[in-house]
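Some notes on the structure that comes next.
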Amino acid sequence: EAKRRGRNQYQVFNAALDAHLQMKRDVERDLAQALADGELQVWFQPIVCDGGRALDGFEALVRWTHRRHGAIAPPDLIEIAALAGLSEELLRFIMGEVAAMIRFMQDNGRSDLRVSMNISPREMERIVIEDLVAGTLKRQDLPARMLEIEITEETALDLQAATQTLTALAMQGVSIAIDDFGVGYSSLGFLRQMHVSRVKIDRSFVTGLADQTENQALVSAVLQLAESFGFQVVAEGVESAEDLQVLQSMRCHAMQGHYFAEPMPAERARQHVLALAPA
Ligand code: C2E
Ligand code: MG
Ligand code: MG
Ligand code: MG
392 EAKRRGRNQY QVFNAALDAH LQMKRDVERD LAQALADGEL QVWFQPIVCD
442 GGRALDGFEA LVRWTHRRHG AIAPPDLIEI AALAGLSEEL LRFIMGEVAA
492 MIRFMQDNGR SDLRVSMNIS PREMERIVIE DLVAGTLKRQ DLPARMLEIE
542 ITEETALDLQ AATQTLTALA MQGVSIAIDD FGVGYSSLGF LRQMHVSRVK
592 IDRSFVTGLA DQTENQALVS AVLQLAESFG FQVVAEGVES AEDLQVLQSM
642 RCHAMQGHYF AEPMPAERAR QHVLALAPA
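If you read the sequence shown in full-length UniProt numbering, its first letter stands for residue 392, the second for the next number, and so on.
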């Protein structure tokens, strides 16, 4: 019986793996066409201040719904794009959507806002990000300070390309944020050398904060250290009024999470720009 159950579980696992591989193959095959046909989208999630009353900016998050496999998780999409040799094309598309949002903000008197764009280790390795960014900003005459690049601690620590890219971006005036902060091993001193101006505390430490004293200690320590190093902090994954309350009592300024707003299509994000007061 145990043996049979073992085999059944193995078969279930195998079937899931097959489905995942099939998804990857189909996505790899269809991605170029989908990009050409305008099937991909970039959605925007508000980053707020003042307990949600003011807008700081947005994080740009890629979205693609495959006709057979449904919504493709962004990390899968980024990985598959690399396999398909389409990393740069995908990033150019995302950068284009981000630039269009920055243009809208500027045209509506909101040059105080910022749009954050994620860069994965794979993209950092394969693409000369600083050239792509500089080219786009220059061509469209957009202010660099309205753009932020989000990378993870591993990207900053492990990649040879990171130092040069981050230095070049910072020289242009682009702001640099560390994403998912707290799950890696980098020190704030090291991050300052890497021209980082904001750290985004990973949502695993933030969601449900009110009931988790260890996480409270960690978030509070990060906030104090960050302040002494001159970093801004964004708390990710704020899902409830309780999370918000604890963070406010710790004087956390900027927040992001489903409690305020989920990622939304560009059109709706533009309405937020027009509706919410400056930070
Ligand atoms: P991330 O950069 O840490 O982005 C935040 C993720 O958390 C997003 O998931 C967002 O929808 C989700 N989120 C926001 N608020 C909450 C909340 O209150 N609760 C919960 N449970 N989740 C929340 P998404 O869009 O599925 O993206 C997942 C990851 O994929 C991102 O994590 C980022 O690492 C990567 N990613 C997304 N879009 C892009 C992109 O355009 N380029 C690259 N390179 N990576 C991307
Ligand atoms: Mg991010
Ligand atoms: Mg994050
Ligand atoms: Mg994350």
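For every residue, glycine included, the Cβ atom is placed at its ideal position computed from N, Cα and C.
As the structure is a computational prediction, the values presented were derived from the model and not from experiment.
The C-beta separation of CYS440 from HIS644 comes to about 6 Å, placing the pair in contact by the 8 Å criterion. Fully contained in the segment 531-580 are the following alpha helix (DSSP H) runs of length 4 or more, in chain order: 544-549 and 551-563. If you check the CB distance, GLN647 and ILE469 do not come in under 7 Å. Shortest Cα-Cα distance from ALA445 to any of SER588, ASP503 and LEU528 involves ASP503. Out of MET496, LYS415 and ALA475, the CA that lies nearest to the CA of HIS457 is found in LYS415. Within the same chain, and ignoring the five residues on either side of PRO654 in sequence, the residues whose Cβ sits closer than 8 Å to its Cβ are TRP434, PHE435, GLN436, GLU450, LEU452 and ARG454.
The nearest non-hydrogen atom of ligand 2 is 6 Å or more from the C-beta of GLU653.
Counting along the chain, no alpha helix (DSSP H) covers PRO654, and no H or E run does either. Between the alpha carbons of PHE572 and VAL625 lies a distance of about 10 Å. In the three-state scheme derived from DSSP, where H, G and I count as helix and E and B as strand, THR456 is classed as strand. About 6 Å separates the beta carbons of LEU609 and PHE596, which is inside the 8 Å limit, making them a contact pair. Boundaries around PHE435 are those of the beta strand (DSSP E), 432-440, since no alpha helix (DSSP H) includes it. Judged by the Cβ position, ASP467 fails to qualify as a neighbour of ligand 2 at the 6 Å threshold, every heavy atom of the ligand being at least this far. DSSP, reduced to helix, strand and coil, places GLY448 within a strand of the structure shown. In the three-state scheme derived from DSSP, where H, G and I count as helix and E and B as strand, ALA668 is classed as strand. Contact residues of ligand 2 (beta-carbon closer than 6 Å to any heavy atom; chain order) are GLU450, ASN509, GLU541 and ASP570. For MET486, the closest C-alpha among the options ALA464, HIS586, HIS649 and THR527 is that of THR527.
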